[in-house]
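Under numbering that gives the first Met the number 0, the first residue of the sequence shown is numbered 0, with each subsequent residue one higher. For every residue, glycine included, the Cβ atom is placed at its ideal position computed from N, Cα and C.
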Amino acid sequence: MSVRMSGAHAESVIKNIILEIVQESRVRGHVVSDTLVAFMVKAVVLDPRNGFNVDRALTKQDLQKLEELCLDKLTEQCSPSLDTIKMQVYFDMTYTSRREFLEEVHRAVETRLSAVSRGITDSRAKTPEEKAALYRKIVTYVQLRSGMGSPTDHRAVQEAEDALLCVFPQTELGAFVVLLKREKEQQLRELTMIVTGIRLLSRAGEQADLRELMPALLNKVLPVAGSGVENELSAAQTLAWKYTALQERPTGRGDVPAAVLLKRALYNVRQHEAFLKMLLADARLSAKHVETLRTELSSQMKLLKETVQSQTTVPSTKAFPLFKSLSTLWSGLQDEAELLNILGDIARNLRPFVASQAEIFPEAYLDGLLEASEVKTDDQRMAETSGERIDPAEMETQEWLLPETTVGSDELPLQYDGVCGSTLVSRDGLLLPGNPHIGVLKHEEKLYVFSSKEAALKFASSPGDFIAAVAEKAKLFPELIQLLRLHQQFSELQPGESFLAKSVTKCESGTQTDVHPVETNVARSYDWNEWELRRKAIKLADLRTKLTRSVQTDLSHARRENASQTWLPKDAACQSKRDGGSNVPKPQVYVAGLRGQRDGRVVKTNLTRPAEEK
């Protein structure tokens with residue numbers, strides 16, 4: 000009997016298998032997630048040792064065998080390989096970008112405040128008792144959103160109420176109640192920012208050290224977040240170097256099981272190291288943001304003090320923006336504190352996933368196996384091979400990127416997460432970091448680094464074979480798929496196994512219906528009286544400044560009698576008048592001797608031209 004694995008039916012079958020494995024694992028006392036089971040199903044099918052052929056239909060016996068193999072691997076005791084896969088699944092489901100972490104923090108705050116906010120925006124307080132209760136709710140909301148003390152701390156609540164009274168007395172509740180819900184929420188946020196700024200200014204006057212004003216959570220997690228992750232990273236790296244030194248030694252046939260365990264332990268601590276590096280980079284970036292926000296908060300506090308102290312009365316248009324700026328910086332510090340706390344929690348939750356290798360290879364036993372072997376650090380290996388350089392002339396068929404000719408050679412997107420693929424294949428799964436200073440091979444738009452010049456030349460001679468060999472090695476050790484970032488290579492599955500790449504994901508969700516989804520308010524502009532409507536229409540028309548006109552239509556012309564009279568044209572004539580006239584000379588008379596002589600004789604001269612000359 001065979002089962003066709005195509006289309007929706009194949010997806011349904013594999014979902015049923017995952018569900019059965021999850022239930023059976025719980026019966027055996029192991030709680031596993033659907034995502035972990037889906038990954039394990041894919042790993043079991045890809046492992047050539049299990050004998051599954053995904054190009055043909057799976058029989059009922061194949062499905063039973065698949066389920067049993069998955070259950071055996073999921074219920075293994077003290078298995079570094081299973082711990083590594085669990086660690087990868089946990090990290091993928093928990094870790095995200097800085098922006099998404101902060102968005103999740105903001106969503107959590109809004110969810111926590113939703114009940115208080117709804118109680119305020121839905122209130123229609125009218126009596127003095129109801130208004131007093133509403134004002135207390137606003138104080139609680141401001142206290143919770145600002146994060147400056149607990150709502151159960153009487154001193155902090157009184158401080159918040161005193162600051163709120165300065166900008167929002169209880170007499171303003173009447174105007175607040177009639178606002179729309181959206182406007183109420185906006186005013187609540189603005190009041191919170193202003194009150195937070197006032198409280199920060201008040202506390203700054205009491206505290207000599209500005210660091211004492213920082214959020215309590217930030218003062219708690221900042222000293223230990225970076226250093227704690229850094230210490231764990233140092234311990235993980237030390238273990239990785241020891242396991243690497245043990246794997247570099249030649250082993251006999253009797254040591255094969257121990258060699259496999261050593262490889263799985265090495266993969267476990269290397270994965271732990273990779274995750275801790277990511278967390279440490281985020282923690283250091285967050286610490287830089289904290290220092291920047293502290294500096295800005297200090298300068299903004301200084302500016303606000305100078306503004307308040309230099310004037311007896313400060314206008315709200317000038318003071319409120321400064322208070323809001325203080326509140327924004329305070330909120331930024333709270334976000335960084337929450338982010339550092341999340342990163343610290345993730346780092347702590349990774350510890351149980353490295354317990355198996357520590358139990359199999361205790362530190363004392365590991366040191367005994369090393370004996371006099373030299374344990375090299377990654378930096379020492381880099382320093383030893385930095386003198387080796389690839390000469391592109393030695394292999395002109397391949398493209399090489401050298402550090403002296405490549406900008407940003409230390410930040411290139413390297414394949415296998417910077418691990419030497421040549422050493423991984425030739426040394427039976429040994430993980431050694433590649434050195435970009437030797438030379439980076441560019442093959443099919445992908446970049447590869449190597450632990451030595453010899454390994455680089457060997458890989459470059461037949462890159463396709465080495466890439467396929469790395470994939471085969473990952474099928475035997477499925478934890479390498481995540482560790483070496485081979486997701487893209489293994490996502491290109493054959494049509495018959497495409498359903499294996501899909502995992503069943505679940506999430507908790509909920510919906511809530513508002514009591515009053517539509518705001519009920521009184522429209523003051525509404526009138527039912529037709530005479531009042533007529534009065535408003537006349538007022539809007541403003542007929543005093545308009546010209547009255549009348550128009551008849553086909554429907555209205557028959558309502559009254561109309562008469563018109565036409566006068567026939569009559570014979571008439573008109574005569575145009577002709578003007579006639581003559582021009583006369585313009586008189587021109589000059590008088591001489593009017594000035595300059597007291598007793599002089601005045602001479603009158605007539606210069607008018609005769610009319611005959613015209």
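Using the three-state DSSP reduction, which class does residue i fall into: helix, strand or coil?
| i | result |
| --- | --- |
| tyrosine 415 | helix |
| leucine 57 | strand |
| asparagine 528 | coil |
| lysine 85 | helix |
| histidine 29 | coil |
| glutamate 395 | coil |
| serine 11 | helix |
| alanine 42 | helix |
| asparagine 49 | helix |
| arginine 594 | coil |
| threonine 126 | coil |
| tryptophan 240 | helix |
| proline 568 | coil |
| phenylalanine 352 | helix |
| methionine 192 | helix |
| valine 177 | coil |
| cysteine 573 | coil |
| threonine 170 | helix |
| aspartate 578 | coil |
| alanine 207 | The pLDDT assigned to alanine 207 is 46, lower than 50, so where the model puts this residue is not dependable; a value taken from the coordinates is nonetheless given after this. Three-state DSSP puts alanine 207 in coil, outside helix and strand. |
| glycine 495 | Note that glycine 495 scores a pLDDT of 34, beneath 50, so its modelled location is shaky and nothing firm can be said. |
| aspartate 541 | coil |
| alanine 562 | coil |
| cysteine 77 | coil |
Determine the closest residue to residue i out of the options, with distance taken between C-alpha atoms.
| i | options | result |
| --- | --- | --- |
| threonine 95 | Gln481, Val590, Leu338, Val469 | Leu338 |
| alanine 467 | Leu485, Leu18, Lys452, Ile537 | Leu485 |
| leucine 275 | Arg198, Gly225, Met92 | Gly225 |
| glutamate 453 | Gly438, Asp464, Gly463 | Gly438 |
| glutamate 373 | Glu611, Ala244, Pro584, Leu475 | Ala244 |
| lysine 41 | Arg25, Ile13, Gly28 | Ile13 |
| leucine 81 | Glu478, Pro568, Lys304, Gln308 | Glu478 |
| glycine 668 | Tyr134, Ser201, Arg202 | No answer is possible for residue 668: the residues shown for the chain start at 0 and end at 613. |
| isoleucine 389 | Ala382, Ser451, Arg608, Gln356 | Ser451 |
| alanine 239 | Gln356, Tyr525, Ser297 | Gln356 |
| lysine 375 | Trp527, Leu431, Phe352 | Leu431 |
| arginine 117 | Thr58, Lys180, Pro586, Arg98 | Lys180 |
| histidine 288 | Leu18, Arg97, Val268 | Arg97 |
| lysine 262 | Leu70, Thr83, Glu189 | Thr83 |
| threonine 621 | His436, Leu216, Glu393, Ala382 | What is shown of the chain runs 0 to 613, which leaves residue 621 out entirely. |
| leucine 365 | Ala264, Ile341, Ser285 | Ala264 |
| valine 176 | Val220, Lys125, Ser201 | Lys125 |
| glycine 146 | Pro214, Lys130, Phe100 | Pro214 |
| methionine 39 | Ile17, Gln22, Lys457, Val30 | Ile17 |
Tell me, please, which residues DSSP counts as bridged to residue i.
| i | result |
| --- | --- |
| leucine 432 | It is worth fixing the name first, because residue 432 is proline in this sequence and not leucine. According to DSSP, proline 432 bridges with Val418. |
Which two residues bound the contiguous beta strand (DSSP E) that contains residue i?
| i | result |
| --- | --- |
| alanine 591 | 588–591 |
| tryptophan 399 | 398–400 |
| lysine 585 | Here lysine 585 belongs to no beta strand (DSSP E), and DSSP marks it neither H nor E. |
| leucine 440 | 439–442 |
| lysine 445 | 445–447 |
| asparagine 605 | 602–605 |
Taking the alpha helix (DSSP H) that residue i belongs to, which residues open and close that run?
| i | result |
| --- | --- |
| threonine 327 | 315–348 |
| glutamate 612 | Per DSSP, glutamate 612 belongs to no alpha helix (DSSP H) and is neither H nor E. |
| glutamate 370 | Premise fails: glutamate 370 is in no alpha helix (DSSP H) and is neither H nor E. |
| aspartate 378 | 377–384 |
| valine 406 | Per DSSP, valine 406 belongs to no alpha helix (DSSP H) and is neither H nor E. |
| proline 462 | 462–475 |
| isoleucine 389 | Neither: isoleucine 389 is in no alpha helix (DSSP H) and is coded neither H nor E. |
| arginine 426 | Premise fails: arginine 426 is in no alpha helix (DSSP H) and is neither H nor E. |
| alanine 162 | 153–166 |
| glutamine 481 | 478–482 |
| threonine 95 | Here threonine 95 belongs to no alpha helix (DSSP H), and DSSP marks it neither H nor E. |
How about residue i: is its C-beta nearer than 9 Å to some C-beta of chain C?
| i | result |
| --- | --- |
| glutamine 564 | Absent from the structure: chain C. Only one protein chain is present. |
So does residue i have its beta carbon nearer than 8 Å to some heavy atom of the ligand MN?
| i | result |
| --- | --- |
| arginine 263 | The model on display carries no ligand, and the ligand MN is accordingly not part of it. |
Please confirm if the stretch 411–422 is in contact with the stretch 436–446, defined as three or more CB-CB distances below 8 Å between the two stretches. yes
Using a Cβ distance threshold of 8 Å, determine whether the stretch 185–195 contacts the stretch 155–169, with at least three qualifying pairs required. yes
Specify whether the stretch 319–337 and the stretch 280–300 touch according to this definition: at least 3 beta carbon pairs, one from each stretch, less than 8 Å apart. yes
Contact between the stretch 154–164 and the stretch 111–125: three or more CB pairs below 8 Å? no
For the 8 Å Cβ check, are there 3 or more pairs between the stretch 358–373 and the stretch 340–348? no
Do the stretch 69–78 and the stretch 26–45 meet, that is, are 3 or more Cβ pairs less than 8 Å apart? yes
Quick check: the stretch 225–234 against the stretch 151–159, are there 3 or more CB pairs under 8 Å? no
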